[in-house]
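Residue 1 is where the sequence shown starts when you use full-length UniProt numbering, and the numbers rise one by one after that. Just so you know, even glycine gets a beta-carbon here, dropped at the ideal spot from N, CA and C.
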Amino acid sequence: MSHVRRTEPTPASAAPFGAIEGTHWIETLNDGSPVLVRPLRAEDRQREAEFIDRLSEQACRFRFLGQVKEASPALLDRLMDVDYRDRMAFVALAHDDGELRLVGVSRYSASGDDKQCECAVTVADDWRHRGLAVLLMRRLIEIARKNGFRRMFSIDAAANESMRELAAFLGFQRRLDPQDATQVIHSLEL
């Protein structure tokens, strides 16, 4: 995998995002495409719904570990519930026919004790293989460390080869889920 070029973050105006420095970043992906990366905001609810609705059946199955036909209000409520410390999400936005479209999201949520968080990353099917998942996960790992988490993990379908490659690239360890042989657990000491 090649590296993503990064620009300097913009200075933080107000600090509603806790340990996050800057409010948004313009990043250049491996293919030269620019994306705007920033914390998820309440105004992104419709973009999140459209993002999920555009995902392929396989991408939805891998992300939610089951069938999701559309973004229900209850699912959106859960996904939009961020506090920028225990529940965090970054979105990547790109221009598409004059509209800002959500093309990727990474998120974590505190799990069990306050030293662990469960993470997930999803990239739009037409934006895969450009380095976006790596970029979003690096931002997520960085903020999880700043927020005091010591371990990050994800529970993934064993058949999800893209996640296996991403996790290995980022240094996550992989093991079978002892409760479900169709799943694996990727974990990273922070």
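{"Check": "Residues that L102 bridges to, as DSSP identifies them", "Outcome": "L93"}
{"Check": "Euclidean distance between Cα positions of M80 and V37", "Outcome": "16 Å"}
{"Check": "Residue environment, A167, which counts as buried when at least 16 other CB atoms sit within 10 Å", "Outcome": "buried"}
{"Check": "F64, enclosing beta strand (DSSP E) - first and last residue", "Outcome": "That residue, F64, is in no beta strand (DSSP E); its alpha helix (DSSP H) goes E57 to F64."}
{"Check": "Bounding residues of the alpha helix (DSSP H) (the contiguous stretch that carries L40)", "Outcome": "Where L40 is concerned, there is no enclosing alpha helix (DSSP H), given that its DSSP letter is neither H nor E."}
{"Check": "Best match in V105, R175, L170 and W127 for proximity to D44 [C-alpha to C-alpha]", "Outcome": "V105"}
{"Check": "Euclidean distance between Cα positions of residue 217 and L40", "Outcome": "Outside the displayed span of the chain (1 to 190) sits residue 217, for which this structure offers no information."}
{"Check": "Start-to-end residues for the alpha helix (DSSP H) that takes in R174", "Outcome": "That residue, R174, is in no alpha helix (DSSP H); its beta strand (DSSP E) goes Q173 to D177."}
{"Check": "Residues near L76 in its chain [Cβ-Cβ closer than 7 Å; skip 5 each side]", "Outcome": "R45, E48 and A49"}
{"Check": "Alpha carbon of R175 to alpha carbon of A157, nearest angstrom", "Outcome": "12 Å"}
{"Check": "R63 versus E161: straight-line alpha-carbon distance, rounded", "Outcome": "13 Å"}
{"Check": "Assigned exposure category for S13 - 16 Cβ within 10 Å defines buried", "Outcome": "Note that S13 scores a pLDDT of 33, beneath 50, so its modelled location is shaky and nothing firm can be said."}
{"Check": "Host alpha helix (DSSP H) of F169 (start-end)", "Outcome": "E161 to L170"}
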